[in-house]
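Quick mapping for you: the protein sequence lines, in order, are chains A and B. Residues in the first sequence are numbered from 1 upward in steps of one, following this note's numbering. Residues in the second sequence are numbered from 1001 upward in steps of one, following this note's numbering.
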Amino acid sequence: MKILHTADWQIGRQYSGFDPDDAAPLAAERYLAVERIAALAQSRQVDAVLVAGDVFDSQTLRDISIRRLFNSLEGYAGPWVLLPGNHDAALVESIWTRAQRLAVVPSNVHLALQPEAMPFPDVGMVVLTAPLTQRHTFADLTAWFDNADTPTGLVRIGLAHGSVQGVMAADIDAPNPIAANRAETARLDYLALGDWHGLKQIDARTAYSGTPESDRFRNNDAGQVLEVEIDGPGALPRITPHRIGRYRWQALRVDLNVPSDLERLVASLTALNGDDVLDLRVSGRTDLSGQTRMQDLIAATAARVRGMRADFSDLHVQPTEADLADLQADGYLADVIAELQARQQRGPASPPGDAPAEIAREALTLLAGLLKDRQAPVGDEVRG
Amino acid sequence: MKLTRLRIEQIRQFRQSLTIDSFSSGLNIFAGPNESGKSTIVRAIRAAFFERYKTQKVTDLLPWGDSSAAPRIELDFEIGGAHFQLRKVFLKSPRCDLDRAGHHFAGEEAEQYLGQLLGFEFAAKGESRAQHWGIPGLLWIEQGSGQEIHQAVAFATDHLRAALQEELGSVASSEGDAVLDTVRDWRAALRTATGKPRGELADSQAACAELGDRLRDLDARIETYRQQVDQLGALQADQNRDDQDKPWDAFDRARVAAETKRAELAERERGLRADRQRLAELETQRTLVQEQLTAVDRRQQALTRRAADEKQAVAERQAAVVDADRLVAQQAELIAIVRTARLGYERCRQQADREAVMQQMATTENELARYSAQLAEADRLYQAQSDLRVEAQSLAVAPSDLDALRRCQQSLRENAIRQEAGATRLAFDLDSGVALTVDGRTLTGKGEQLLVRPVSLVLPKLGRIRIEPGGSDLSQLAEAATGLTAETQRLLQRIGVDSLAEAEQRFVALRRVRQSLQEVERELAQLAPEGRDALAIARSEAQSRLAGLKATLARLSEPPQDEMSAMPGTLAEAQHALDQALSGQAALQAQVQEAISRRAVAEARWEVAQREHAELQGLVADPAEQQRIQTHRQRLVDIQAEIAVLGERVATQQAALDQARPDILDQDIARYRQSAQQARQTFDERRIRIAQLQSALQVAGAQGLEEERAGVQLEHEAAERRFRELERRAQALDLLVRLLEEKRAELTRRLQAPLQRHLDHYLPLLFPGGALAIEEDLSPGDLARPNGASAEHLSYDALSFGAREQLGLVSRLAYADLLKAAGRPTLIILDDALVHSDPSRLVQMKRIIFDAATRHQILLFTCHPADWTDMGVSIRQIEQLRAPG
């Protein structure tokens, strides 16, 4: 038998820090990712799809968002097991009870709203579920797996949402703990976990599939689902990742020191396309022409990629002699430019009450742009 | 710059050529009346420099009425030791040639060169206007425009700045002000003058705040939703537990047990109540029996008491009898004493009465004697009165008659006098023996006769002589006299006298009698005011009273002489003795009455006591009574035995009941019932609450709060990003504006310093202690003049016309100095300058111009040559220059 293991769909998640025009497609892509999972399940002819929690990003989504999610499951007619996680815990009133009230849960979709052994005799497996029925719990909800008797001959698969103790983040008091050796103590053939958004295998029978569509700038193999094939009870699972995610979340850190650094930045940015989401932080120093060039580049990149955050707070603009000559800044304008440069250099050590270096850089950029525009008309006319 | 030669031809009034040479390098003064050509010369110089040679707009240069002329101007001048020759012809075959030390420039090239050299521009086309004139526009003052300087400075500012910078060796920004304006505009779009956000910055700040509010609102609603979910979970858990445990059942069971126990206790309570009732009955019976026995005892005691009472009544009766007898004896003694006292009192009283009557008799007798005397006196007075009245009657004369008589007498006397005065005097002296008869009377001897009426004088033997007195009224007088005499007689008769004298006497006598009568009447009024009869009555009354008193006295018998000695003193003392005796008798009478009444009471009591004692004795001795007493005593013993037994049983039962606490049991029953009820109610209410919460949550859940919140948060972040960007831009613009202004101000200060120095060279001559500020465009600003301890600030435009003209010239000279210092050519032309200056200021201005002329060539044109004779140079007359030569 083989199943698909996925988790942390986070349906309804919105993306802050981006232009709303970019945030909307990013949010919409999560439904498309689910559709791709359904298509994959169909094409791989798996026996079931297990979703290890956080199907929804929050409890109170609009009805239409709930309907849309269940519509996205249509591509796979086999059994789906959806487990509530910390974002969509099976509270007495929850997004699950709402979905039930809306009557949008198809018969092939099983909601694991309470801890139970969910047998699938046709598939030859039984799924032990450990749903969150509170937002946070400090008890190991998978503990009951150890004493759960299941019919012999069925593959035992655990489905849980939380952090494996001692393996994931070091915080001892992390909520929703899961014992690291649960698969062993509960005689599980496979323990499908959710909560960690990256792909991570804990041991031979335990793994986090990660979220199928990346949602943060962390290089942790997110954007995949796991195909898990188990020959029979006791057999070791064969785990195969499949890429589902569309958007590449890239964190780019560039320190400009020599002119070629800028060239490298240009190369990096021009390589990006509409499937990239970029977090750019530029530090170091550049001259006016570099600054201008970079601004153009950033504008072009922002228009091309799906989403971009950019931070230039540690970048200093230092006009060169040539810049100044180019600007034809004479007289007291030259004095002002010199003063602005000096203020940038002072950095955080600038006297209190004085404008910070960032403001000085902005002022310098503004002034340079203004001077350039004042020279521009001649050239514009030629071009026009 | 030094102009060395000027020649003009075919210009306005100079159809023929005019040549001026031998210009001095300092001051040159040209004089001439109006219309003599001063302004034409100035215009020619300006045209030579400013007007494009090709322009057709300079027709004002043409001689009058000659439109085909070719105005020609030739100027020779030196700049920095180099010689220049400018030849310009306008309108007809126009041309321009400039030679500089063998270098030739022609046409526009020559003009451009000139402009750069002197610092001015040419009009693109048409006539040259003020904005093109630059430095010469500032230094060449046209007639009547000396006071206007700001515009000229504005048009020359760039050239002045350039000169200043050359002197400073620094470079001012060519773009600075435009950049500053733009930066200010940009900043003004984001901030108000006071630094508050406006425009897009304000909008985005407001949007942030609004979205923040929405976020907080959504957060609150989400929090409420979550709390309600938690509440619902907790309620649901409780409900499930109760549904399973049914806690009210346990309460019901406990209540039933308590109720059973309570029923048993109630049975025991009923038995106890019956015992208590029986006990109470027994106790009532016992009380009755005891009361009857007590009554027996009381009767025995009463018998003893009655015996004692009787004995005491006998004793009291005896005492009362003795007392009464004693008092009756005392009463008899007192009656004798009273009688004696009364007799004494009667005697004393009779004596006193007699004495009083005798006293009254004496008084009455006195009265009688007085009345008699008064009566006699009165009679005498009445007689006198009567006599006097008779006398008065006899003397009666009417006063009116008397007056009339007096008047008649008087009139007669007057009449006689008047007759005598008017009468004819008949004097005669008759010889003895001769007699005459006049009206019957015979006259003899010597004498006189007054004739008042015609008389007949009988001369014996001679006949008669009739004499008629001449006075006409004599007859009237005589007639009146006759009348008066008759009246006098009548009056005398009426009065009853013979003469007036007698009448007067009678009148005096009458007055005396009347006086006496009055005196008598006064005495009578005093003596008998009520008349004689009243006196007579009073006397007769006194007489009868005296008779009465005598009768009374006769009635009062004399006291017997033998008892006089026993008289007990005065009447008052007798009275007192009698009163005492009477009161003693009265007091004793009361005691006697009381004693008698006491005796009667004592006897009655004794009888009662005797009877009661006898009756009681009979009763006690009755044998039926003795039997009854015996029965009661036996009954009492029986009752008490029964009470003892029953009382013990009641106490035991009560103790048992107290131990079982039925009240607490009752409370237990109520408590368990309420608890069960409460548990059911809680269950029901919780069910309702759960339903309410479920429906509320269903509604809230469908709103998609968190999804909405995520959306709003995105908007909020975008708005904040936008605000941060704008705010950073605003701060950057703040910084730029501040820095640009600072640096610009710094530069301006540096630029202005040399000009200020030159200005300060002249100003003290004109305004001692004064200071002239320099505006940013280098034009003159406020003038500060010392005014007492402080300084007075006046803006340039607020100064008088004359002062503005003077300051304008001073400023221009300072600019000239500045230009000179920068190596620029300077030529100063003053056309009719300073005509508005008062003599003292003109003196100062002349000193200033003279000083400036040591550095600059100055051409001064004036129509008041007399004003400028003290400048140390010859004044050239335009008229003389015109002479062909």
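No residue lacks a Cβ here, since even glycine has one placed at the ideal position from N, Cα and C.
- Between the segment 1642 to 1657 of chain B and the segment 1227 to 1237 of chain B there are fewer than three C-beta pairs closer than 8 angstroms, too few to call the two in contact.
- Note on Ile1029(B): 16 or more other CB atoms within 10 angstroms of its CB, so buried under the neighbour-count rule.
- Shortest Cα-Cα distance from Ala89(A) to any of Ala103(A), Arg30(A), Gly162(A) involves Gly162(A).
- Among the residues of the segment 1232 to 1265 of chain B, those with a Cβ less than 8 angstroms away from any Cβ of chain A are Leu1232, Gly1233, Gln1236, in the order of the chain.
- Contact of Val92(A) with chain B by beta-carbon distance below 8 angstroms involves Val1229, Leu1232, Gly1233, Gln1236.
- Along the segment 1782 to 1800 of chain B, there is no position whose C-beta sits under 8 angstroms from a C-beta of chain A.
- Counting along the chain, Asn71(A) sits inside the alpha helix (DSSP H) bounded by residues 63 to 72.
- Taking 7 angstroms as the upper bound on Cβ-Cβ separation, chain B lies near residues Thr60, Leu61, Arg62, Asp63, Ser65 of the segment 60 to 75 of chain A.
- Every beta strand (DSSP E) stretch that sits fully inside the segment 1402 to 1433 of chain B and reaches 3 residues is listed by chain position as 1424 to 1429.
- Assignment of Arg285(A) by DSSP, reduced to helix, strand and coil, places it in the strand class.
- Every unbroken stretch of the alpha helix (DSSP H) spanning 4 or more residues and falling wholly within the segment 151 to 225 of chain A is given here in chain order: 182 to 185.
- Its chain contains Val266, Leu269 as the residues whose beta carbon lies nearer than 7 angstroms to that of Leu297(A), once the 5 sequence neighbours on both sides are disregarded; these appear in chain order.
- In this structure Pro1454(B) is exposed. Its beta-carbon is surrounded by fewer than 16 other beta-carbon atoms within 10 angstroms.
- The beta-carbon distance between Leu1282(B) and Glu1642(B), rounded to whole angstroms, is 6 angstroms. This is short enough to meet the 8 angstroms contact definition.
- Taking 8 angstroms as the upper bound for CB-CB distance, Pro1071(B) and Leu1098(B) are not in contact here, some 17 angstroms apart.
- At least one beta carbon of chain B lies nearer than 9 angstroms to the beta carbon of Ala360(A).
- For Ile1045(B), the enclosing alpha helix (DSSP H) starts and ends at 1038 to 1050.
- Taking the beta carbon of Gly17(A) as reference, the chain B residues within 7 angstroms of it are Glu1717, listed in sequence order.
- Contact annotation: the segment 58 to 72 of chain A touches the segment 99 to 110 of chain A, with at least three C-beta pairs closer than 8 angstroms.
- If you draw a straight line from the Cα of Ser283(A) to the Cα of Asp255(A), it comes to about 5 angstroms.
- Straight across, the Cα-Cα distance linking Glu1108(B) with Leu1164(B) is about 28 angstroms.
- A straight line joining the alpha-carbon of Asp1851(B) with that of Ala1101(B) spans about 31 angstroms.
- Between the alpha carbons of Gln1694(B) and Arg1262(B) lies a gap of roughly 46 angstroms.
- When Val55(A), Arg156(A), Pro356(A) are compared, the shortest CA-CA separation from Leu132(A) is found for Val55(A).
- With 16 or more neighbouring CB atoms inside 10 Å of its own CB, Ala1542(B) falls in the buried class.
- For Arg1216(B), the enclosing alpha helix (DSSP H) begins and ends at 1199 to 1245.
- Under the three-state reduction of DSSP output, Trp1064(B) falls in the coil class, being neither helix nor strand.
- In the three-state reduction of the DSSP assignment, Met1845(B) falls in the helix class.
- By the Cβ rule, the segment 1149 to 1156 of chain B counts as touching the segment 1121 to 1135 of chain B, because three or more pairs are nearer than 8 angstroms.
- Pairing Pro1754(B) with Arg1841(B), the inter-Cα distance amounts to about 26 angstroms.
- With contact defined as three or more Cβ pairs closer than 8 angstroms, the segment 1072 to 1081 of chain B and the segment 1003 to 1021 of chain B are in contact.
- Using a CB distance below 8 angstroms, the part of the segment 80 to 111 of chain A facing chain B consists of Leu91, Val92, Glu93, Ser94, Ile95, Arg98, Arg101, ordered along the chain.
- Ile1639(B) is a Cβ neighbour of Gln1285(B), given a cutoff of 9 angstroms.
- Assignment of Ala1773(B) by DSSP, reduced to helix, strand and coil, places it in the strand class.
- Our two residues, Gln250(A) and Glu1741(B), have alpha carbons roughly 44 angstroms apart in a direct line.
- When DSSP reads this structure, Leu1830(B) sits in a beta bridge with Ile1141(B), Leu1860(B).
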